[in-house]
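For reference, the structure discussed in these notes is given below.
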Amino acid sequence: IMDDEDYYEVNRRFNFYTDVVLPSLWPILLITLAFHQIFVRLVMPHLERWQQHAEMGAMKKSDDDVDDQRHRERMVAARKRQQENHDKVAAEAEPERRRQQAAKLARLRKHPLLLDALRFANSGTDSFANAAVNVLLSFNRLVEDFPYRPTGANIAVDLLIEALHRRQIGPFVPKNLRALARFSAFAQGQHDPAEFLKEVILSLDEAMMEDFLFDVEYTAECVSGCKKSGIRVSAEDCMLVVSSFENSSAMTIEEHVKAGLEANFNSSRFDHSEDCSKREVKKMQAIVRKMPRYLIITPQTFTKVLNASQPDLLRNVIYNDEITIYGRRYEIVSAIHYASLYEGGSGHYESWRKIPDGWSVADEHHVYFLSHVDFREKMLDFCVIAFEAI
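So the sequence shown is numbered by UniProt numbering: it starts at 1 and just counts up by one.
Written out as structure tokens, the structure is:
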């Protein structure tokens, strides 16, 4: 039994909940019911559609994966059929290709510039030609241009291409050639590699030969004062001869080459200018307008008084990987070295090819490596040095 105070307290609390708390909860309940209605009427349909789209996308992706797999299988089958057709066509064309190759070789053998045989080894009297050909094959851009040359258009190009595709001993190794023209002049006992190299260069087609020529402009002034300017000659010699004696002031390859150019151009004189009535030149000037892409120099030999049988070549030459001549930069790519019998050599010409860490040398059927230090010692015996523009 509650007393009056307890009854009063319970009644007060009940009235508080009924009069204060419950009325304040009605708005919250109404808002909750309103949000529920909005969710059911507006959001739920979209959720159902999104779920349907997701299920359809999954089904479509599965179908696409199947289609991709089928497409890949069809592509593989098509490539296989294409390769089979290509192999079949190649097999059918092989006899014709062999026939054309045989006809080409037969045509080369009948060429008036060739001797009876196309093949020769890098030994004995044939080493000069083999070494000269390897110089040409060391020019990378020249070799890259070979595939774009029509077959049969130029005999020298055809022979160089044939030599290029012959088997070699290893990477960076000069070819041990057995095929190239021996031109008619060399059938008479002329076995100089520089002369042979020059003959082959001058036998190339005009576009290739231009890369070996200097572009020089001459200015002539005659005694009567008339002047003919701008006489331009682009067909200068494809090979530069340089000479150096023991008392020469030239030290580097660059100095030797410039001295050789000046000596070569100063010796080229016109008898008279076209506009000169006196027909006598008192002053001549030569200006190098363009250096060739491929620079080939041949050191000129001279003979010691004490030993007339042993030739000497460039003296006091400083070797560099790269040189700059009249503004054009070059790098050395190959050379021809004479292995003198007087120095314990084989008595014939060696083909040298520049490689990253030194030189690869072909001597008869042997190939060996030389470092830069060894090269400095051998420099005196080079009869041909080849550079390519960078």
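All residues carry an ideal CB built from backbone N, CA and C; glycine is no exception. Treat the numbers as computed from the prediction; the structure is a model and nothing was measured.
Based on DSSP bridge pairs, tell me the residues matched to residue i.
i, result
"Tyr294", "Glu388"
"Ser127", "BP columns for Ser127 are empty, so no partner."
"Tyr368", "Val361"
"Pro299", "Val242"
"Ala34", "Per DSSP, none; premise fails for Ala34."
"Phe382", "His337"
"Ile355", "Gly358"
"Ile332", "Phe387"
"residue 394", "The question about residue 394 has no answer, for the chain in this structure spans 1 to 390."
"Glu322", "Glu331"
Figure out for me which residue from the options has the closest Cα to the Cα of residue i.
i, options, result
"Phe387", "Phe128, Leu137, Ala153", "Leu137"
"Cys238", "Leu29, Leu213, Thr32, Thr324", "Leu213"
"Ser371", "Cys383, Phe382, Pro356, Val384", "Pro356"
"Lys290", "Phe35, Tyr326, Arg99", "Tyr326"
"His256", "Thr324, Arg49, Arg97", "Thr324"
"Gly260", "Val21, Pro292, Thr298, Lys198", "Thr298"
"Phe146", "Ala132, Ala131, Leu164", "Leu164"
"Ala339", "Arg328, Val361, Lys258, Glu73", "Val361"
"Glu144", "Leu160, Glu84, Phe39", "Leu160"
Check residue i in the structure and name its three-state DSSP category.
i, result
"Pro150", "coil"
"Ala339", "coil"
"Gly327", "coil"
"Phe196", "helix"
"Ser360", "strand"
"Ser203", "coil"
"Leu213", "coil"
"Ser138", "coil"
"Phe145", "Position check: residue 145 holds Asp in this sequence, whereas Phe was assumed. The answer is coil: DSSP assigns Asp145 none of H, G, I, E or B."
"Lys175", "Only weak support exists for where Lys175 lies, its pLDDT of 45 falling under 50; the value from the coordinates is given anyway. Of the three classes helix, strand and coil, the one that applies to Lys175 here is coil, per DSSP."
Skipping 5 residues on each side, what residues in its chain have a beta carbon closer than 8 Å to that of residue i?
i, result
"Ala153", "Asp205"
"Val157", "Phe146, Arg149, Leu204, Asp205, Met208"
"Ala132", "Pro193, Ala194, Phe196, Leu197, Val200, Ile336, Val384"
Residues in its own chain within less than 6 Å of residue i by CB, not counting five upstream and five downstream?
i, result
"Ile287", "Glu217"
"Ile296", "Met239, Ala386"
"Leu25", "none"
"Asn330", "The residue asked about is misnamed: residue 330 is Tyr in this sequence, not Asn. Excluding sequence neighbours, Tyr330 sits near Leu295, Ile323, Phe387, Ala389."
For residue i, I'd like the list of residues in its chain whose CB is within less than 7 Å of its CB, leaving aside the five on either flank, ordered along the chain.
i, result
"Phe128", "His191, Asp192, Pro193, Phe196, Tyr349"
"Val384", "Val135, Pro193, Ala194, Leu197, Ile296, Thr298, Ala335, Ile336"
"Arg328", "Met291, Ala389"
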